[in-house]
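One point on numbering: in UniProt numbering, the residue at position 211 of the sequence shown is 211, and numbering is uninterrupted.
No residue lacks a Cβ here, since even glycine has one placed at the ideal position from N, Cα and C.
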Amino acid sequence: MELLCLEKDTVIRARPDPTLLQEGRVLGNLLTIEERFLPRCSYFECVQKEIQPFMRRMLTTWMLEVCEEQKCEEEVFPLAVNYLDRFLAVVPTRKCHLQLLGAVCMFLASKLKETRPLSAEKLCIYTDNAIKPQQLLQWELVVLGKLKWNLAAVMPNDFIEHILGRLALPRDKLALIRKHVHTFIALCATDFSFAMCPPSMIAGGSVAAAICGLQLDSSDQSLSGDSLTDLLAKITNTEVDCLKACQEQIESVLVSSLKEGQSAAKQDQGGPKNKSVDLLDHSGTPTNVRDVDL
């Protein structure tokens with residue numbers, strides 16, 4: 001008799017727990033501890049000597065492409081960027097080590113959030129083999145030490161369901177709203193101007209931008225303009241003016257990103273994502289991730 005295995009090769013995903021989402025103490029605890037996981041300082045001014053903001057933008061854009069192609073959980077990319085910022089806020093880092101650091105941060109974040117984490121070998125392939133698995137594993141211990149093994153950071157994504165569950169939104173639009181909110185949060189992670197913002201404020205601003213962008217505020221008075229902002233500010237315990245400024249900044253970054261995307265699309269017709277991130281110094285000499293001395 002021939003036995004046929006009918007098990008499907010599916011990935012198990014966790015589902016939101018309605019009991020936790022409806023419990024106000026859970027949201028309160030998130031709001032209480034969220035600032036513990038922010039970078040200590042604006043590190044380009046007081047810590048980093050070689051690394052510039054445009055280098056971080058290049059690196060995080062590459063990290064986002066890797067996470068998207070690997071169909072990672074939505075939390076993996078922003079969590080990896082959180083590790084990146086927290087590390088750079090305490091450790092002066094050479095620009096030739098930046099892509100290695102980004103790969104390590106994705107490696108750690110996927111271990112925490114994925115049922116099937118990214119492998120060291122696969123991440124090295126995405127750098128066009130500019131780094132080696134052994135280097136990545138060595139740096140994993142370095143990063144863990146500098147982060148004090150405190151990896152369960154509070155992310156903007158942690159607030160999404162708490163916020164959406166407290167808004168009178170049409171049920172048939174919830175999936176689309178979530179998709180837009182996740183996109184805005186990922187966009188914020190690539191822009192250093194949001195690095196010092198509380199995750200709850202980024203989440204609130206992203207929800208507001210998503211609702212306005214989908215024009216849901218035109219059909220429901222409670223979702224329009226100041227009413228929505230006031231409600232989101234109350235839910236996230238954020239100043240109304242700060243939340244408005246965050247939403248406007250998110251929308252501005254979106255416009256800039258779309259323009260850059262259109263420009264890049266004209267120059268690059270779907271090139272491979274397996275690449276070493278080239279960081280140019282002032283002399284125009286490209287510096288890639290190569291042999292790393294710890």
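Indicate whether residue i and residue j have their beta-carbon atoms separated by less than 8 Å.
| i | j | result |
| --- | --- | --- |
| residue 310 | A153 | Outside the shown range of the chain, which is 1 to 294, sits residue 310, and nothing can be said about it. |
| F192 | R56 | yes |
| L228 | I211 | yes |
| E114 | E73 | yes |
| L112 | I163 | no |
| Q48 | G165 | no |
| N237 | L31 | yes |
| Q247 | A208 | yes |
Shortest alpha-carbon distance to residue i belongs to which of the options?
| i | options | result |
| --- | --- | --- |
| G205 | E35, L176, E239, A168 | E239 |
| T127 | M106, Y43, K173 | M106 |
| Y43 | G102, N129, T93 | T93 |
| L84 | K122, T60, E248 | T60 |
| A130 | L118, K146, G102, N82 | G102 |
| M58 | S224, K95, E35, R25 | K95 |
| H97 | C246, K148, E50 | E50 |
| S224 | S256, L169, R13 | L169 |
| G24 | S257, K234, L258 | K234 |
| K71 | R13, S257, E260, Q99 | R13 |
| L243 | A175, D226, E45 | D226 |
| W62 | I33, L100, E251 | L100 |
Which same chain residues end up closer than 7 Å to residue i when comparing Cβ atoms and leaving out the 5 residues on each side of it in sequence?
| i | result |
| --- | --- |
| V104 | L136, W139, E140, V143 |
| L20 | V26 |
| L64 | F77, A186, T190 |
| P133 | A120, E121, C124 |
| E35 | P198 |
| P18 | none |
| S257 | L187 |
Assuming residue i and residue j form a contact by the criterion Cβ under 8 Å, report the distance between their Cβ atoms to the nearest whole angstrom.
| i | j | result |
| --- | --- | --- |
| W75 | M196 | A quick correction: the sequence has Glu, not Trp, at residue 75. Not confirmed; about 20 Å, so no contact. |
| P53 | E161 | Not quite, the Cβ-Cβ distance comes to about 32 Å (not below 8 Å), so this is no contact. |
| K146 | V91 | 6 Å |
| H180 | L216 | Going by Cβ atoms, the distance from H180 to L216 rounds to 10 Å, so no, they are not a contact pair. |
Report all residues from its chain with a CB closer than 6 Å to the CB of residue i; omit the five preceding and five following residues, and keep chain order.
| i | result |
| --- | --- |
| C188 | F194, I202 |
| H182 | E74 |
| P117 | S110, K111 |
| E251 | A209 |
Using C-beta distances below 8 Å, list every residue in its chain close to residue i, excluding the 5 sequence neighbours before and after it, in chain order.
| i | result |
| --- | --- |
| P39 | D85, R86, L88, A89, A195, M196 |
| P272 | Note that P272 has pLDDT 46, beneath the 50 cutoff, so the model's placement of it is unreliable and no number is given. |
| L108 | A80, Y83, E140, V143, L144, L151 |
| F159 | L27, L30, P199, S200, A203, G204, T236 |
| E260 | none |
| R178 | I160, L164 |
| L176 | L214 |
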